[in-house]
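Residue numbers (this note's numbering), protein chains in the order written: chain A, 1 to 761; chain B, 1 to 214.
Quick reminder that beta carbons are idealized off the backbone N, C-alpha and C, glycines included.
Model, not experiment: these values are computed from the prediction.
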Ligand code: FES
Ligand code: FES
């Protein structure tokens with residue numbers, strides 16, 4: 001089935017927040033952000049700005065009628081700064097004007113006096129100062145201290161991973177429309193309609209039911225609109241509340257990049273011990289997460305880092321420590337993978353370092369330690385239907401790993417300035433929200449008398465094909481044609497208390513809720529049919545291709561007849577379905593449990609050519625065997641794999657967040673912050689789906705696909721490193737990502753460059 | 001940025017032109033003289049505004065006619081306004097998207113006088129007299145253009161936000177080169193960022209459209 005929005009997208013007819021016709025008198029907003037990373041606000045002078053053309057009002061923290069608080073997990077974040085600012089770009093004031101140009105002009109006339117305080121940008125420095133958000137966590141499995149004694153090789157090291165800007169192509173935006181009786185409707189670009197509803201209600205001091213949030217689609221989210229979208233809706237709502245007029249807030253790209261949080265940079269220490277046979281016996285890791293100035297989702301992100309710190313390997317003795325370190329950067333947040341990639345990068349680095357010490361290839365160690373059935377994860381869950389070895393073997397065979405190795409070695413022997421490198425990258429990613437209560441979803445299904453169907457869920461379409469999946473699921477559950485199904489916007493008045501569309505679980509949760517609602521309606525229809533048709537057993541009825549069968553024989557009734565008869569007999573043709581993922585639990589005291597419904601596995605082979613005199617590289621090929629369970633829609637799933645991979649490759653190489661020591665974001669435009677473009681994608685990209693896996697708990701046995709393939713990108717770092725080693729076996733190669741061409745060059749030829757650190761001052 | 005002209009707040013100041021507006025308003029032809037804008041110079045210019053297409057335009061909002069998708073459309077614009085803003089806010093052709101407003105992402109790509117341009121980097125005034133093609137013009141009737149068909153067929157889209165711009169780049173390529181090579185497709189779309197990572201499928205779509213459509 002094709003993407004349900006495909007035709008509208010290609011005609012430019014799909015409507016995003018600011019594409020629908022503007023309500024009369026719509027006002028526009030410009031946001032003034034703090035110019036300093038840390039400081040005390042002495043005064044905010046708005047008189048001049050208020051005099052500007054077209055300005056209606058300026059809103060400050062003091063105007064907020066409710067609570068000036070937007071922190072989702074920990075209440076530590078103001079919507080508008082009060083006495084102190086904690087990061088560059090933190091919203092201080094908003095200007096509301098007749099048009100955006102006027103708002104922007106007036107914004108520049110606001111005078112903010114701030115007494116600068118010292119800023120911290122380094123997570124280890126923050127940790128040393130005791131600037132920790134939440135409590136540090138430690139997962140302990142086996143006995144690490146004792147295990148060192150059995151190890152034949154022990155290697156230690158450090159990793160520093162950069163963050164990542166989301167660059168959803170549609171920047172943050174929301175439109176707020178005041179309604180009667182003090183209510184408010186928001187059209188928002190958010191992955192988390194309920195978080196917007198809840199938080200706007202808190203800001204305005206209203207009960208949740210006064211706030212309606214409607215989300216048709218997002219021009220990309222990737223986690224950047226899970227929690228970070230909330231503030232912009234709140235500001236639009238606040239302006240609408242103060243002026244009594246509809247208000248639209250669209251962040252310009254530059255402001256979006258400066259003001260919003262990103263993937264967390266991490267700094268980590270590892271220690272790994274192996275036996276002479278290449279078995280990893282012990283692994284000790286400490287993660288210092290750069291959380292930014294407020295909690296946002298950092299504690300949950302850190303938790304997933306801990307969960308995924310051993311990637312697809314079984315290690316009998318592990319100690320995994322992590323802390324969220326408060327710095328003066330924008331609050332870092334969810335991004336595809338949600339902390340998992342950082343945990344896995346450190347694991348892969350530890351393996352790389354050990355392999356280099358032993359003078360063997362990384363995959364010799366990787367392969368010997370892959371998870372097997374019933375192996376135990378450090379958090380106590382048993383690997384069930386483990387596919388690590390299977391996907392590895394399939395990748396090795398179908399993509400001819402031995403041939404690849406041979407080719408690379410040959411090439412490197414025959415070439416001087418160009419070197420090839422390769423890497424094998426297995427992944428294992430747990431599916432479910434690690435926050436237990438979020439694993440629930442609701443769906444509301446209506447059948448109309450003409451046989452058409454409307455489905456509302458708590459899921460948000462952000463390009464991942466969610467609406468397409470739900471269309472398919474609903475049609476299949478009813479036994480009707482897909483054209484009869486319309487998937488509605490996510491709207492808080494139709495589905496209450498939605499979990500965010502995140503954790504790759506949106507289709508799993510909402511799809512199952514949809515099935516439950518449909519099943520209820522179908523059950524009522526069948527009850528009616530047995531009595532109307534004078535048949536014996538309801539169970540023998542089935543709906544297929546819009547026809548009603550009894551014990552396999554056509555009853556003569558079709559879908560329309562069934563629906564119309566039901567309506568005339570006063571049968572309820574609407575149902576609400578609910579789903580809560582069964583069997584998951586986690587005890588945070590013991591740090592043990594069964595947090596994931598299932599795991600997704602896969603293995604990628606990456607090949608790269610590095611120009612060692614220029615530092616540039618080309619991704620020759622990426623070949624993947626990916627575990628999809630029973631895919632719902634291969635076309636769309638393939639797109640998810642390709643898209644996640646592109647972002648993973650970018651995270652490891654091109655995408656460099658450069659902050660100066662005072663917390664100013666320097667690579668703050670698409671001209672200086674590079675995301676993968678057409679030329680960056682692998683020349684040869686092959687994706688094979690492993691379909692033999694028994695069905696998971698996703699709808700009709702499908703497995704989640706949004707996030708896991710991101711982590712194949714990690715392999716690129718090690719493929720490039722491999723090529724660099726071939727050029728200069730003695731080079732000092734730190735585990736610092738992203739590995740930009742600039743870094744490749746400077747690491748291979750340190751004598752050529754200025755110290756890269758100096759550049760940052 | 002809608003209906004911005006002539007909407008002064010009661011009691012507000014008159015809309016004196018700022019230097020910023022002024023520079024933007026000058027357009028390409030006059031950049032040379034902007035290098036030394038003194039107050040005196042500004043007031044001279046205010047009395048004798050620069051010429052655009054042989055006519056006096058600005059500094060306040062002016063009525064212009066643009067030829068878009070074969071139709072002549074009249075609208076009132078301030079000289080500072082970009083074509084992207086005018087398309088979206090004045091003419092309600094919202095198929096053209098703005099991803100960066102700085103010429104870096106390609107979301108706003110349109111075809112002007114047979115060339116792809118970033119409409120966010122083009123002043124509306126500079127588009128006077130040029131034939132402009134936007135995504136809305138590709139399939140005026142129900143029937144889709146073959147590049148649209150091919151994008152659908154090959155799933156060359158996810159969130160859809162880059163899609164309009166991406167399709168305009170591909171359409172322009174096929175117009176001049178009905179059977180492009182992969183390399184030519186890459187060159188044609190190199191200015192279009194897709195954060196969803198649909199590139200491989202976009203390549204498939206264009207190559208297939210080249211084969212079937214022409
Ligand atoms: S919006 Fe014009 S290039 Fe990005
Ligand atoms: S489809 Fe989302 S940016 Fe291209």
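Taking the alpha-carbon positions, what's the residue i to residue j distance?
i             : j             : result
residue 351/A : residue 272/A : 8 Å
residue 252/A : residue 576/A : 39 Å
residue 809/A : residue 127/B : Outside the displayed range of chain A (1 to 761) lies residue 809/A, so it cannot be described from this structure.
residue 36/A  : residue 131/A : 19 Å
residue 31/A  : residue 55/A  : 13 Å
residue 124/B : residue 79/B  : 7 Å
residue 137/B : residue 88/B  : 14 Å
residue 229/A : residue 68/B  : 35 Å
residue 194/B : residue 681/A : 12 Å
residue 310/A : residue 380/A : 13 Å
residue 638/A : residue 183/B : 23 Å
residue 231/A : residue 649/A : 30 Å
residue 214/A : residue 4/A   : 19 Å
residue 28/A  : residue 103/A : 7 Å
residue 145/B : residue 188/B : 18 Å
residue 112/A : residue 46/A  : 9 Å
residue 196/A : residue 326/A : 24 Å
residue 128/A : residue 288/A : 11 Å
residue 726/A : residue 159/B : 41 Å
residue 65/A  : residue 239/A : 11 Å
residue 306/A : residue 356/A : 25 Å
Is residue i buried or exposed, if buried means 16 or more other CB atoms sit within 10 Å of its CB?
i             : result
residue 296/A : buried
residue 9/A   : buried
residue 220/B : The structure shown has nothing for residue 220/B, since chain B only spans 1 to 214.
residue 578/A : exposed
residue 98/A  : buried
residue 483/A : exposed
residue 202/B : buried
residue 811/A : Any answer about residue 811/A is impossible in this case: the structure gives chain A only from 1 up to 761.
residue 181/B : exposed
residue 534/A : exposed
residue 68/A  : buried
residue 118/B : buried
residue 29/B  : Caution applies to residue 29/B, whose pLDDT of 35 falls short of 50 and renders its modelled position unreliable; the value that the coordinates give is listed next. Classification for residue 29/B: exposed.
residue 27/B  : Low confidence applies to residue 27/B: its pLDDT is 37, below 50, so where it sits in the model is not reliable, and the reading given next is rough at best. Answer is buried; the Cβ neighbour count reaches 16.
residue 765/A : Residue 765/A cannot be examined here, being either before or after the span of chain A that is shown, 1 to 761.
Since residue i and residue j should fall inside the 8 Å C-beta cutoff, what is the C-beta to C-beta distance between them, to a whole number of angstroms?
i             : j             : result
residue 673/A : residue 170/A : Their Cβ separation, rounded to whole angstroms, is 17 Å, which puts residue 673/A and residue 170/A out of contact at 8 Å.
residue 456/A : residue 494/A : 4 Å
residue 490/A : residue 442/A : That belief does not hold up - the Cβ atoms of residue 490/A and residue 442/A are roughly 11 Å apart, past 8 Å.
residue 712/A : residue 622/A : 7 Å
residue 338/A : residue 368/A : Not confirmed; about 29 Å, so no contact.
residue 119/A : residue 38/A  : 4 Å
residue 764/A : residue 517/A : Only positions 1 to 761 of chain A appear in this structure, which leaves residue 764/A out of reach.
residue 90/A  : residue 33/A  : 6 Å
residue 583/A : residue 630/A : Not a contact, Cβ separation roughly 19 Å.
residue 299/A : residue 133/A : 7 Å
residue 245/A : residue 63/A  : Actually they do not touch by this definition, with Cβ atoms about 15 Å apart.
For ligand 4, any of its heavy atoms closer than 7 Å to the Cβ of residue i?
i             : result
residue 198/B : This structure simply doesn't include ligand 4; it includes ligand 1 and ligand 2 instead.
Q) If you scan the segment 25 to 93 of chain A from start to end, which runs of the alpha helix (DSSP H) of 4 or more residues do you find wholly inside it? A) 47 to 50
Q: Pick out the complete alpha helix (DSSP H) segments inside the segment 99 to 136 of chain A, 4 residues or longer, and give them in chain order.
A: The qualifying runs are 100 to 107, 123 to 128.
Q | Runs of beta strand (DSSP E) lying entirely within the segment 255 to 332 of chain A, each at least 3 residues, in chain order | A | You should have 266 to 274, 280 to 292, 317 to 326.
**Q.** Every unbroken beta strand (DSSP E) inside the segment 509 to 578 of chain A [3 residues or more]
**A.** 541 to 544, 547 to 550, 553 to 558
Q) In chain order, which alpha helix (DSSP H) runs of at least 4 residues are fully inside the segment 200 to 251 of chain A? A) 230 to 243
Q: Please specify which runs of the alpha helix (DSSP H), each continuous and at least 4 residues long, are wholly inside the segment 429 to 487 of chain A, giving them in chain order.
A: 466 to 478
Q | In chain order, each beta strand (DSSP E) run of at least 3 residues that lies wholly inside the segment 609 to 661 of chain A | A | 617 to 627
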